[in-house]
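Here the structure comes first, spelled out in structure tokens, and everything after it is commentary.
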Amino acid sequence: MKEMPAVGRNVGSPLVAGDLVNMLRAALAHGDVESAVRLYEQSGGTAAQVLMDALDALGETEKLSVAQLFSLARDFGHAAMVFTKLGRHGDAAALYEQSGEYVLAARAHQAAGNLLAAGAAYERGGKAQAALEVYAQAGAHDAAAHCLVRERRFFDAATLYRNLGNTQGEVDMLYRVPVASPQRPFAVLRLSELLEQFGHVDQAVQLMTETVAQNAGARVDVAFNQRLVHLCEVGGQAELAAQARAHVQALQSGTGPAPMTAPLSQSQEMRALLEPHNAQAAERLESRRKRRSTAPELQSASVAQVDPFADLLARDPAMASAYQHLKQLPFFAELSLPDMQAIYRICIHVSYPAEAVIIEQGAGGSGLLVVLQGSVHVLRVGGAAPVHLATLGPGESLGEMSIVDALPTSARVVAATPVSALFMPRDALSEYLATHDSAALRIFRVLTRTLVERLRAANLRG
19 MKEMPAVGRN
29 VGSPLVAGDL
39 VNMLRAALAH
49 GDVESAVRLY
59 EQSGGTAAQV
69 LMDALDALGE
79 TEKLSVAQLF
89 SLARDFGHAA
99 MVFTKLGRHG
109 DAAALYEQSG
119 EYVLAARAHQ
129 AAGNLLAAGA
139 AYERGGKAQA
149 ALEVYAQAGA
159 HDAAAHCLVR
169 ERRFFDAATL
179 YRNLGNTQGE
189 VDMLYRVPVA
199 SPQRPFAVLR
209 LSELLEQFGH
219 VDQAVQLMTE
229 TVAQNAGARV
239 DVAFNQRLVH
249 LCEVGGQAEL
259 AAQARAHVQA
269 LQSGTGPAPM
279 TAPLSQSQEM
289 RALLEPHNAQ
299 AAERLESRRK
309 RRSTAPELQS
319 ASVAQVDPFA
329 DLLARDPAMA
339 SAYQHLKQLP
349 FFAELSLPDM
359 QAIYRICIHV
369 SYPAEAVIIE
379 QGAGGSGLLV
389 VLQGSVHVLR
399 VGGAAPVHLA
409 TLGPGESLGE
419 MSIVDALPTS
429 ARVVAATPVS
439 ALFMPRDALS
449 EYLATHDSAA
459 LRIFRVLTRT
469 LVERLRAANL
479 RG
């Protein structure tokens with residue numbers, strides 16, 4: 019290591035600050051990083067500035083030794099600074115996260131080209147707008163939607179879910195727009211369209227009528243009240259239709275409250291997220307959609323269009339139980355209500371005909387599958403005849419280990435009967451957990467317990 023400026027006159031005593039620094043420098047010069055770490059820990063970190071001041075005069079190998087020193091001494095912040103100077107931004111990002119410097123971690127992730135991790139770090143650092151911009155650049159629209167929910171920007175999140183074709187997520191967000199919010203009339207207008215589409219006209223009329231009574235903007239919005247007239251007529255509610263029609267006429271004639279002159283526009287940052295002006299982001303998004311559509315679990319599946327109001331209105335008991343089945347899985351047992359609902363939003367409703375191969379043995383695991391109706395056979399193939407391992411039915415799951423990794427599956431799964439199921443893509447769940455530490459901790463804590471129990475049982479059998 020090149021000569022560093024001497025500090026202190028006495029040499030050899032770790033109790034003297036100057037000597038401690040000189041001893042530390044000598045240990046590094048001889049490649050004895052382990053001794054250097056012990057000496058640095060004794061300094062209480064006071065030697066950090068001396069090392070950083072001398073850093074520019076050192077060669078790459080010497081800088082790497084200093085980085086290792088800081089890292090082994092658990093001084094992650096200074097280690098990250100040195101790795102940044104070395105141009106090793108991925109290493110720096112991980113260390114900045116360990117030191118709690120999330121904004122610096124985000125910038126390092128950006129420099130390393132890991133935009134999804136950068137967005138997650140910006141969120142942890144309280145920089146939601148920076149996170150949204152990075153997610154837009156990466157085409158990580160699901161992650162952007164989760165960020166908007168955390169910021170309580172429910173209408174923007176609903177717009178984004180609509181853009182993604184996630185009707186369940188859109189409905190969930192639209193209902194969350196506060197009753198007194200200026201955006202509430204536009205949320206209810208969209209909800210009324212979806213309610214009518216799925217055959218719930220009476221509920222649409224009730225929702226719009228309540229909104230007129232509760233929201234000042236809805237009372238003076240001509241388009242909103244014209245929509246209410248239409249729904250009343252479709253639903254055969256003549257008296258209510260007449261009242262709504264009279265209200266519209268009063269608004270238009272000027273005898274009623276002043277009508278709204280212009281609808282609310284979306285915020286500028288959401289336009290940047292939604293408009294396809296960023297060709298690179300659009301290309302990434304399309305690539306991601308293709309990856310998800312080629313998941314082995316989706317190859318023989320039909321994606322079902324599910325009534326997004328089923329859980330709320332309990333019109334379809336089978337679909338209404340889908341959320342309950344998901345909630346009962348052991349590794350989601352510790353999740354909070356917001357986390358549980360968010361994970362349900364990323365699920366895809368799928369169905370399989372009898373005898374369809376749902377998962378082929380040896381294929382990479384790409385998600386979690388929860389059986390809602392029907393049953394599946396789990397088979398081990400490779401010998402003269404398949405070996406039947408298990409039959410799973412409603413409420414049971416497949417592919418739990420794909421939450422952790424995408425290693426090849428150990429069995430073939432075949433539909434014994436027509437099957438309906440929930441499919442949770444691994445990448446979508448990973449995106450969510452990347453920005454929700456509490457949910458990740460709870461899921462992996464349960465998974466760890468499960469694996470320990472299985473290992474203990476295997477040891478007892480052995």
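Count along the sequence shown from 1, then add 18; that gives the number in the working numbering.
Quick reminder that beta carbons are idealized off the backbone N, C-alpha and C, glycines included.
Bounding residues of the beta strand (DSSP E) (the contiguous stretch that carries residue i)
i, result
"Met70", "Taken as a continuous stretch (DSSP letters only), Met70 belongs to no beta strand (DSSP E), being part of the alpha helix (DSSP H) at Ala66 to Asp71."
"Glu409", "Residue 409 is actually Thr in this sequence, not Glu. That run of the beta strand (DSSP E) goes Val405 to Leu410."
"Val375", "Val375 to Ile377"
N- and C-terminal bounds of the alpha helix (DSSP H) containing residue i
i, result
"Arg237", "Ala234 to Arg237"
"Gly385", "Gly385 -> not in any alpha helix (DSSP H); beta strand (DSSP E) instead, spanning Gly385 to Gln391."
"His218", "That residue, His218, is in no alpha helix (DSSP H); it is neither H nor E in DSSP."
"Val189", "Thr185 to Arg194"
"Ile361", "Leu355 to Arg363"
"Gln244", "Val240 to Val252"
"Ala402", "Careful: Ala402 lies outside any alpha helix (DSSP H) and carries neither H nor E."
"Ser271", "Ala256 to Ser271"
"Thr177", "Phe172 to Leu182"
Beta carbon of residue i nearer than 7 Å to that of residue j
i, j, result
"Ala136", "Ala146", "no"
"Ala175", "Leu192", "no"
"Asp139", "Tyr153", "Checking the sequence, you will find Ala at residue 139 rather than Asp. Going by C-beta atoms, Ala139 is not nearer than 7 Å to Tyr153."
"Phe101", "Ser117", "no"
"Leu397", "Gly417", "no"
"Leu57", "Leu42", "yes"
"Ala262", "Asn233", "no"
"Leu390", "Ser438", "yes"
"Leu440", "Ala351", "no"
"His127", "Ala111", "yes"
"Ala149", "Glu141", "yes"
"Ser415", "Val388", "yes"
"Ala222", "Leu249", "yes"
Local conformation of residue i per DSSP, three classes
i, result
"Glu304", "With a pLDDT of only 43 at Glu304, under 50, the local geometry of the prediction cannot be trusted, and the value read off the model is given with reservation. Here Glu304 sits in helix by DSSP."
"Ser448", "helix"
"Arg440", "Note that residue 440 is Leu in the sequence shown, not Arg. It is a strand residue."
"Ser369", "strand"
"Thr435", "coil"
"Ile421", "helix"
"Val396", "strand"
"Pro348", "helix"
"Pro203", "helix"
"Pro426", "strand"
"Ser320", "strand"
"Gly157", "coil"
"Gly137", "helix"
"Ser53", "helix"
"Pro275", "coil"
"Ser456", "helix"
"Ser415", "strand"
"Pro294", "Only weak support is given to the placement of Pro294: the predicted model assigns it a pLDDT of 38, under 50, and the question is left unresolved by the model."
8 Å contact criterion, which residue i and residue j should meet: CB distance rounded
i, j, result
"Gly382", "Ala429", "Going by Cβ atoms, the distance from Gly382 to Ala429 rounds to 14 Å, so no, they are not a contact pair."
"Ser318", "Val375", "6 Å"
"Tyr450", "Ile366", "Actually they are not in contact, since the Cβ atoms of Tyr450 and Ile366 sit about 14 Å apart, beyond 8 Å."
"Val240", "Leu209", "Wrong, their Cβ atoms sit about 19 Å apart, outside the cutoff."
"Val464", "Phe349", "4 Å"
"Ala314", "Ala372", "Residue 314 is actually Pro in this sequence, not Ala. So it is not a contact: roughly 19 Å between Cβ atoms."
"Lys81", "Leu113", "About 14 Å; that fails the 8 Å criterion."
"Leu90", "Val121", "Not really, about 25 Å apart at Cβ, beyond 8 Å."
"Leu133", "Gln155", "6 Å"
"Phe88", "Ala75", "With 8 Å as the limit, Phe88 and Ala75 do not qualify as a contact, their Cβ atoms being about 17 Å apart."
Closer than 7 Å to chain B by CB, residue i
i, result
"Phe242", "The displayed structure is made up of one protein chain only, and chain B is not part of it."
The ligand SAM heavy atom lying under 6 Å from the CB of residue i
i, result
"Arg398", "No copy of the ligand SAM occurs in the structure displayed, which carries no ligand at all."
- request: Ignoring anything shorter than 4 residues or poking outside the segment 75-123, list the alpha helix (DSSP H) runs there in chain order.
  value: 78-90, 94-103 and 107-116
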